[in-house]
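Under the numbering used here, the residue at position 52 of the sequence shown is numbered 1040, and the numbers go up by one with no gaps.
Every residue gets a Cβ at the ideal spot worked out from N, C-alpha and C, and that includes glycine.
Here's the structure we're looking at; comments come further down.
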Amino acid sequence: MSGTTGLPPYDDNNIFAKILRGEIPSKRVHEDEHAIAFHDINPQAPVHVLVIPRGRYVSLADFSANASEAEIAGFWRAVGRVARELGLEERGYRALTNMGQEGGQEVPHFHVHIFGGRRLGRMVPGVQA
Ligand code: 5GP
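Structure below.
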């Protein structure tokens, strides 16, 4: 799936692959055909949930280039649905993905962070508005 030039191959031993297979426990808040969502182990906000596709995609670059229309639609619908079901829509929330080295991506399975439950401040720390 990660056939795009410059992207690393998918590693089936990454931590989210193990979570998907149920080999490592997680506090799941959602699962459907295309995506699962679970609480981040090291939350950066009162609510910090990760949404990941079931498919083997390294990053947003890989997912956007190689996932099917159904996977892309299903995944992003799940992101919105999880935020809504967590009760974040009224006050607002942030959805974010880190891509590659300069993006600060640590786990090489595409994921979107959902943060909420407090005012989140600047979008990118250290950059003047
Ligand atoms: P990244 O830096 O790749 O965008 O984010 C990876 C996220 O995964 C981090 O926020 C980190 O706390 C979270 N994480 C790493 N290992 C685990 C784990 O074993 N379980 C859960 N639930 N989250 C994890």
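- Distance from the CA atom of E1090 to the CA atom of P1096, rounded to whole angstroms, is 14 Å.
- The ligand 5GP has no heavy atom closer than 7 Å to the beta-carbon of N1002.
- The segment 998 to 1009 and the segment 1038 to 1047 touch, with no fewer than 3 CB-CB distances between them shorter than 8 Å.
- Our two residues, P1034 and H1027, have alpha carbons roughly 11 Å apart in a direct line.
- With a cutoff of 8 Å on beta-carbon distance, L1038 and A1055 are scored as not near each other.
- Distances between the C-beta of S1047 and the heavy atoms of the ligand 5GP are all 7 Å or more.
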